Each structure stands twice: as C-alpha cells, then as structure tokens.
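Read the structure below first, then the notes.
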Amino acid sequence: MSYQAYQTAASRTEDPRSAEYRLFGQVTRAMMAAREYGPSQLSKRADALDWNRRMWTAFAADCSSESNGLPESLRAAIISLSIFVSRQTSEAIRDNDAVDTLVEINRTIMQGLAPQGQGEASAA
109 MSYQAYQTAA
119 SRTEDPRSAE
129 YRLFGQVTRA
139 MMAAREYGPS
149 QLSKRADALD
159 WNRRMWTAFA
169 ADCSSESNGL
179 PESLRAAIIS
189 LSIFVSRQTS
199 EAIRDNDAVD
209 TLVEINRTIM
219 QGLAPQGQGE
229 ASAA
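In structure tokens form, the structure reads like this:
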C-alpha cells in the first residue's frame, strides 16, 4: 500500500480532535522550517505563515457558529487567539521572534489536543 493510500485511510478513521492535532503539527513544522529561510526565500516563509493564519481563521469561523459545541468561553478564547495570530503573522514575515511566538501558541494548543498518554506535544 502506498503512503498516499495509507494517509487517505488514516484520515477517514481519524476523529476531529486527532485531525486538528495532526494539522497543527503540519502547520507548526512548516513554520519552524520557514524560520530558517533567508531573504531569498521570503515567499516560502510567507506561505507557511499564511497557512497558519488561514488555519486559525477557519477555527475562528467555526467557533463563531451557533452550532459549535464548545463552551462559549473556549470559543471566545479561540477567536481571540485567531485575531492575535493574524496580527502577529504580519510581524513574523521578517521577525523570527514573532515566528517563535506563533510556534509556541500552536504547541500549547497541541498539548491540549494530544491523545491521552502522549504527554508533551512535538511538532518536530
């Protein structure tokens, strides 16, 4: 079985929390790699940061829906984080400290999403 077929099968059996954890890991790894890109690879850095911003925007949109089952306080916190991430992304284009902040936010969220017994979230 090819890797693509395995990945497709895995995504069909994955619960939403695991899918979110996996997505956070992929996006966070992309940002960690983008941190190392030099000025000649600014578009790659921008792509990784934009992926993160789009992910957070999608989570905020979902949290603004009345049908979202999360507690209202958690939904509000996710929306607030999304706004912060959007602002921080503009700074992160040229500032590694801002990238580090975004990576740390994602890692913190991953710790909360991690399957029981997995312990510390690892994006690398």
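Quick note, the sequence shown lines up with residues 109 to 232 if you use this note's numbering.
No residue lacks a Cβ here, since even glycine has one placed at the ideal position from N, Cα and C.
Quick caveat, the model's predicted, so the values are computed rather than measured.
Work out the CA separation of residue j and residue i for me, nearest whole Å.
i	j	result
S190	M218	15 Å
I186	V135	17 Å
M109	T121	Summary for M109: the model assigns pLDDT 48, below 50, so the residue's position carries little reliability; its value from the coordinates is reported in the next sentence. So the two alpha carbons sit approximately 17 Å from each other.
Q196	E144	18 Å
Would you say residue i touches the ligand FAD, meaning its beta carbon is less than 6 Å from a heavy atom?
i	result
S148	Although the ligand FAD was asked about, the structure shown includes no ligands whatsoever.
Between which two residues does the alpha helix (DSSP H) carrying residue i extend?
i	result
A169	150-171
D208	204-221
P147	Unbroken run through P147: none, as it is neither H nor E.
Q224	Here Q224 belongs to no alpha helix (DSSP H), and DSSP marks it neither H nor E.
S198	180-200
Which one of the options has the shortest CA to CA distance from residue i?
i	options	result
L157	T209, Q224, P223, T216	T209
R215	P124, G146, M139	M139
Decide if residue i is buried, meaning its Cβ has at least 16 other Cβ atoms within 10 Å, or exposed.
i	result
N204	exposed
A200	buried
G133	buried
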